[in-house]
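Working notes, beginning with the structure itself.
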Ligand SMILES: Cc1ncc(COP(=O)(O)O)c(C=O)c1O
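Numbering (the numbering used here), first residue to last: 356 to 782.
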C-alpha cells in the first residue's frame, strides 16, 4: 500500500515536507522529556497492591495448609500458592512449582538445564552441532536474549492476528529436528496484544516435532484484561495431554504485573514428569523459595476471582491510556497509508508498523524531540527487524497527559519520515 506522500505530486510533497519540518522545529524548541519505552505499571497503579503489605506482621499466623512458611521446607511452594498457580496455568496444583519473583528467571533456569543436561533420554543441547529456536516476531526481546545468550540460533516466525504463522511453524519444526523450542506469549502477546486462537493452540500442542522440542508457554498476561470483552485462551494442556505431548509444554506466569513487578511470585507448570525433574534440578541450588511472600500474596489474592477483581482495578489505569493511543493514532495517521497498529483488549503493549525502512529513523527522530521509545528492532531476534517497520508502544507508565504529548510526537515523526522516504524514492 502506498503512503499519502507517495501519492503526492512533487510540489505537494515538497510543501508537505516543509510544513512537517516546521512542526518538528517547533516541537524541538519545547524541550520535551517523555518516556514511552517502559512496559511497567505507573507508580499509582502499583500503589493499589500496597494493602497486601499490611497482611503479614509479627502477630500473623505464618502457616498455610499446615506448612510453616517461616522456615525451610516445601520446595514446590505453599499449598495455597500452588492452587493459584494451577488455576493460572491450567494444570492441577501438583503439576506446579511456585518460585521467586521472576518467571523470566524460571525460563532461563529450565532452558539452561536442558542445554547442560538435555531433556531426559535425549542428548544435551550443548552437545548438538546446531540448536535452533522459533521466535514469533514481533515478540519479547528478553525471551530472545535467553536463547541468544546460549548461542542458540533464533529463527523469527511471523505473528498473525491468531498467533504465530502456524503453517510456517509446522513446516519448520517437522523438517528440522535441531529446532528444540519456541517462545509463546499466548494471551495479549508482547507486543502485538493478540491472543492465540483455539486452532493455533491445538496445532502447537499436537504438531509433529522432535521428542525434546519444548514450548515456553509464557502466560504473562493471563488475567490482564482491560477491554469490555476479555479474550479467551484455550488450555494448551488439554490438547497436549490428548496427543501425548504434555511434556512439550513449559508454562510460566507471575504476579509481576498483578502486585509488585520484581517482587511478586512466579509460577511454573508442566507435566508430572517435567515438574518432578525440574524440581530436582532446582533443588540443587535452592532450599526453598520465599514462602512468606507467597503467603502474603495468597492472603491478598486467595482465589482467581479475587485476582480478577484486583485486575479490574488495574484496568482502570490502563483503559484510558490504551484509549489515548487509539485516539491519537487514529486522529493522526488513519487513512494516511503510513501506519498500522494493533487494538488489544488487554496486556501492556500496542504494536505499531510504519513504512518499510522507517522504524529506526522514527525512533531516532522521537529521541531528538525528547520522546524515548523501545529501541526499533528490539521486537525481533538479534534486534534485526528485516523490514525495519515495527515499534513497540508501551503506554502504561506515563500519565495520560504525557502519553498524549508523546503520541503527538510519534505521529509527527512517522509523517516526516514517511514523507522523506517518499522523496528519497523519487531522487
Ligand atoms: C511476555 C513477558 N514475559 C515475562 C516478563 C517478565 O516477567 P517476570 O517479571 O515474571 O520475570 C514480561 C515483562 O514484561 C513479559 O512481557
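Each residue gets a CB set at the ideal place from its N, CA and C atoms; glycine is no exception.
Self-check item: Option in 768, 465 and 413 with minimal Cα separation from residue 606
Solution: 465
Practice problem: Excluding the 5 residues preceding and the 5 following residue 499 in the sequence, name in chain order all residues of the same chain whose CB lies nearer than 6 angstroms to its CB. | Solution: 490, 509 and 736
Quiz item: Going by other Cβ atoms of all chains shown within 10 Å of its Cβ, with 16 needed for buried, is residue 821 buried or exposed?
Solution: The structure shown does not extend to residue 821, since the chain spans only 356 to 782, so no value can be given for it.
Quiz item: When the Cα of residue 765 is compared with those of 693, 779 and 754, which residue comes out closest?
Solution: 693
Practice problem: Quick one: measure Cβ to Cβ for residue 724 and residue 388, integer angstroms, because I've assumed they're closer than 8 angstroms. | Solution: Their Cβ separation, rounded to whole angstroms, is 10 angstroms, which puts residue 724 and residue 388 out of contact at 8 angstroms.
Quiz item: Does the beta-carbon of residue 665 have 16 or more other beta-carbons within 10 angstroms, so that it is buried, or is it exposed?
Solution: buried
Quiz item: Can you tell me where the alpha helix (DSSP H) with residue 679 in it begins and where it stops?
Solution: 659–688
Quiz item: Per the contact definition of three or more C-beta pairs closer than 8 angstroms, is the segment 507–526 in contact with the segment 440–460?
Solution: no
Practice problem: Name the residue from 439, 576 and 644 whose alpha carbon lies nearest to the alpha carbon of residue 669. | Solution: 576
Quiz prompt | Element boundaries [alpha helix (DSSP H), containing residue 521] | solution = 521–530
Quiz item: When we look at the beta-carbon of residue 373 and count the other beta-carbons within 10 Å, is it buried (16 or more) or exposed?
Solution: exposed
Quiz item: Would DSSP call residue 772 helix, strand or coil?
Solution: helix
Quiz item: Hey, how far is the Cα of residue 767 from the Cα of residue 404?
Solution: 37 angstroms
Quiz item: Just how far apart, CA to CA, sit residue 749 and residue 769?
Solution: 17 angstroms
Quiz prompt | With 16 other Cβ atoms within 10 Å as the buried cut-off, status of residue 454 | solution = buried
Quiz item: What is the residue span of the beta strand (DSSP E) that residue 651 lies within?
Solution: No beta strand (DSSP E) contains residue 651, which is instead part of the alpha helix (DSSP H) from 646–655.
Quiz item: What span of residues does the beta strand (DSSP E) with residue 573 cover, start to end?
Solution: 569–573
Self-check item: residue 575: CB within 7 angstroms of a non-hydrogen atom of ligand 1
Solution: yes
Self-check item: residue 419 - DSSP class collapsed to helix/strand/coil
Solution: strand
Quiz item: So is the beta-carbon of residue 394 under 7 angstroms away from any non-hydrogen atom of ligand 1?
Solution: yes
Quiz prompt | First through last residue of the beta strand (DSSP E) which encompasses residue 639 | solution = Premise fails: residue 639 is in no beta strand (DSSP E) and is neither H nor E.
Quiz prompt | The alpha helix (DSSP H) enclosing residue 621, as first and last residue numbers | solution = Looking at the DSSP string, residue 621 is not in any alpha helix (DSSP H); the run it does join, the beta strand (DSSP E), is 621–624.
Practice problem: In the DSSP assignment, find the unbroken beta strand (DSSP E) run with residue 370 in it and report its ends. | Solution: No beta strand (DSSP E) contains residue 370, which is instead part of the alpha helix (DSSP H) from 365–384.
Exercise. Name the two residues that bound the continuous beta strand (DSSP E) containing residue 462.
Key: Taken as a continuous stretch (DSSP letters only), residue 462 belongs to no beta strand (DSSP E), being part of the alpha helix (DSSP H) at 458–472.
Practice problem: Take residue 625 as the anchor and find which of 759, 441 and 556 has the nearest alpha-carbon. | Solution: 441
Quiz item: Under 8 angstroms between the Cβ atoms of residue 391 and residue 727?
Solution: yes
Practice problem: May I ask you to check if the CB of residue 745 is nearer than 7 angstroms to at least one heavy atom of ligand 1? | Solution: no
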